[in-house]
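Report on the structure given below.
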Amino acid sequence: MRENADIDQKNGFEKPSVNANITNAIMIVIPAVDLLDGQVVRLQKGDYEQVTVYNEDPLQEARKFKDAGFNHIHIVDLNGAREGTFVNLAHINEIINELGLSVQTGGGIRSYDDAATLFDHGVSNIICSSMAVKNREDWLSVLDTYGEQAILGMDLKEGKVAYGGWLKTLDQSLDNFLRPMIERGLSTVLCTDISRDGTLEGANTGLYRSLQQQYPGLQFIASGGVSGLGDLKTLSEEQLYGVVVGRAYYEQKITLEQMLRYHRDRD
């Protein structure tokens, strides 16, 4: 961990060093590692038929982020998201134990016991989407117990909340979906625009701006469509809490050094 870094007490992430002359919020930039059958991959628009493999060794990939200066990563167990079981938990354990990285993870979390299992294995934060839809009482109990360590994964498909590996959508208004969680202490939402995920088409800045205006008490992490440095600049100007970067890095549209620039400071 860098000498000048603090720990965000809400989410266990390293806070970027802050220049005293900068008054705007600073994003947390989170590298993404999506795991499918033990390999580092990216899907396009959540389609399991459109898979690109980037590394057969998840530990090796995670080490690149650690060596660059990140102390946290975003891991999705894509098998878990589709099948409801922790297929890639051994790889997540290895990354935590070997590298000491702070890990926020999602995929396959269907119950309170599933959430507890992941925390017992040392993850810093869990991201729940399907459970928040299909097992609401357990999800609310997770919020009661783990508080700000529990992040809502809100995946949007044509304006509707998607779940079950993005294969199904919820027939409920966004406000009716979110309000009960906010009342139980929900603080952070990782919002993915599925239509842009893995496409490099650019982040849906308007979506995140609208969400922040509608729910000023929530911290939003953007995910999906980040295409390069310009998106990080735009999202930082919107003062988002954080952003997940995946395919843009793997396709060499943005470097780890550029990602760290927006993680640590602003131009």
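Heads up: the sequence shown at position 209 corresponds to 196 in my numbering, and the numbers run straight through without jumps.
Every residue gets a Cβ at the ideal spot worked out from N, C-alpha and C, and that includes glycine.
Just so you know, these numbers come straight off a predicted model, no measurement behind them.
Take S116, set aside five residues on each side of it, and the residues of its chain with a beta-carbon closer than 6 Å to its own are G140, D142 and Y150, in chain order. With the rule of 3 Cβ pairs closer than 8 Å, the region 229 to 241 counts as touching the region 184 to 192. At least 7 Å separates the beta-carbon of A119 from that of V129. Distance from G94 to L76 at the Cβ level is roughly 10 Å; contact not present, criterion being Cβ atoms closer than 8 Å. In the structure shown, S128 adopts helical secondary structure according to DSSP, grouped into three states. Between the beta-carbon of Y195 and that of V16 there is about 15 Å, and that puts the pair past the 8 Å contact cut. It is roughly 7 Å from the alpha-carbon of D158 to the alpha-carbon of K147. Per DSSP, reduced to three states, the secondary structure at R183 is coil, with no helix or strand assignment. In the three-state reduction of the DSSP assignment, M118 falls in the helix class. Per DSSP, D158 lies in no alpha helix (DSSP H) and is assigned neither H nor E.
Counting along the chain, N191 sits inside no beta strand (DSSP E), nor does DSSP assign it H or E at all. Residue pairing for P18: DSSP places it in a beta bridge opposite V232.
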